[in-house]
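Presented below is the structure to which this report refers.
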Amino acid sequence: KQEVTQIPAALSVPEGENLVLNCSFTDSAIYNLQWFRQDPGKGLTSLLLIQSSQREQTSGRLNASLDKSSGRSTLYIAASQPGDSATYLCAVGGWVGGKLIFGQGTELSVKP
Amino acid sequence: DAGITQSPRYKITETGRQVTLMCHQTWSHSYMFWYRQDLGHGLRLIYYSAAADITDKGEVPDGYVVSRSKTENFPLTLESATRSQTSVYFCASSDSNSPLHFGNGTRLTVT
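These protein sequence lines map, in sequence, to chains A and B.
Oh and the first sequence: position 16 is 19 in my numbering, straight run, nothing missing.
Oh and the second sequence: position 23 is 32 in my numbering, straight run, nothing missing.
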């Protein structure tokens, strides 16, 4: 059974700092991995989608990497801003269009 | 506007009542999902659908019923609501290689 773990559960950093969020999964036979952002009281917004054949994806200040063999993904946020404060979740998919298994999320707070 | 819409946004119901949560998407995505989000449990899949008239159970399906007669709609029904079904419910949709798109959720309270 696939299990997804995110460490740390919460993180507080000063504005401008570069930071890394970690995601690990137990079964390396994944189809894709997605990173989401969730603001309080809102739904989830997709940030980056990495297919199993890819090593990384970038969008603006965000970079996500995938290492299937070690069962790990990282989300790198450059030059963090207070507006980046949210909960970040990673999720792995086992087949095309398939259900995702979510981690518990990392709650990020960026202090001005 | 294209997107995924859930209704109602908030719902309070009594134990034993039947309640239906609605989900509508305008992308014509093949896949649709219902998740519930609870403190300490994260997001858990209730039911999913690969196409109209094709549905399957997720991790926590007991007490729930779904249908998908049209591609764009995927309602979730709680047949006889229980307090343990108090939660935030999220509908989502995707296509084969697209990211998962979520609605804004329905906050359900069962008293």
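For each residue, glycine too, the CB sits at the ideal point set by N, CA and C.
Remember, predicted model here, so these are calculated numbers, not experimental data.
Identify whether residue i lies in helix, strand or coil by the three-state DSSP scheme.
i: G51(B); result: strand
i: Q85(A); result: Checking the displayed sequence, the identity of residue 85(A) turns out to be Pro instead of Gln. Three-state DSSP puts P85(A) in a helix.
i: Q15(B); result: strand
i: T9(B); result: Look at the range of chain B in this structure, 10 to 120, and you will see that residue 9(B) is not part of it.
i: S56(A); result: coil
i: Q9(A); result: strand
i: H110(B); result: strand
i: Q46(B); result: strand
i: I104(A); result: strand
i: E18(A); result: coil
i: K45(A); result: coil
i: T29(A); result: coil
i: T118(B); result: strand
Quick one: which chain A residues come within Cβ less than 8 Å of residue i?
i: H110(B); result: S49
So which residues of chain B does residue i contact, with C-beta pairs closer than 8 Å?
i: Q37(A); result: P108, L109
i: G108(A); result: G51
Please list the partners that residue i has in chain A, where partner means a Cβ-to-Cβ separation under 7 Å.
i: L52(B); result: F105
i: Y57(B); result: K102
i: G67(B); result: K102
Bridge partners for residue i per DSSP, in chain order?
i: L24(A); result: L78(A)
i: W38(A); result: L51(A), C93(A)
i: H33(B); result: T14(B), N82(B)
i: R64(A); result: Answer by DSSP bridge pairing: none, since R64(A) is not bridged.
i: A7(B); result: Because chain B here runs from 10 to 120, residue 7(B) falls outside it and cannot be looked at.
i: D70(A); result: R75(A)
i: K114(A); result: P17(A)
i: T109(A); result: Y91(A)
Using the beta-carbon of each residue, which ones in chain A are nearer than 9 Å to residue i?
i: F83(B); result: Simply none; closest approach about 14 Å.
I believe residue i touches residue j by the beta-carbon criterion, under 8 Å. Please report the beta-carbon distance rounded to the nearest angstrom.
i: L50(A); j: D87(A); result: So it is not a contact: roughly 11 Å between Cβ atoms.
i: V97(B); j: Q15(B); result: At roughly 10 Å, the Cβ-Cβ gap does not stay under 8 Å, so V97(B) and Q15(B) are not in contact.
i: Y56(B); j: T64(B); result: 6 Å
i: R116(B); j: Y19(B); result: 5 Å
i: C93(A); j: L36(A); result: 6 Å
i: L24(A); j: L65(A); result: Contact flag wrong, Cβ pair sits at about 10 Å.
i: L30(B); j: F42(B); result: Actually they are not in contact, since the Cβ atoms of L30(B) and F42(B) sit about 13 Å apart, beyond 8 Å.
i: A82(A); j: D42(A); result: Their Cβ separation, rounded to whole angstroms, is 20 Å, which puts A82(A) and D42(A) out of contact at 8 Å.
i: T35(B); j: T120(B); result: That belief does not hold up - the Cβ atoms of T35(B) and T120(B) are roughly 34 Å apart, past 8 Å.
i: T51(B); j: F39(A); result: This sequence places Gly at residue 51(B); Thr is not what is there. Not a contact, Cβ separation roughly 12 Å.
i: P17(A); j: K114(A); result: 5 Å
i: Q5(A); j: D30(A); result: 5 Å
i: I21(B); j: T118(B); result: 5 Å
Does the beta-carbon of residue i, which I'm using as the reference point, lie nearer than 7 Å to any heavy atom of the ligand PLP?
i: L111(A); result: Because no ligand of any kind appears in the structure shown, any question about the ligand PLP cannot be addressed here.
Can you list the residues of chain B that residue i reaches, using a CB-CB cut of under 7 Å?
i: G46(A); result: F99, F111, G112, N113, G114
Residues of chain B with a CB under 9 Å from the CB of residue i: which are they?
i: G74(A); result: Within chain B, no residue comes near G74(A); the closest Cβ sits about 18 Å away, beyond 9 Å.
i: L52(A); result: N106, S107, P108, L109
Margin query: Please give the ranges of any beta strand (DSSP E) in the segment 53 to 95 of chain B, keeping only runs that are unbroken, at least 3 residues long and fully inside the region.
Written below: 63 to 66, 73 to 75, 85 to 87
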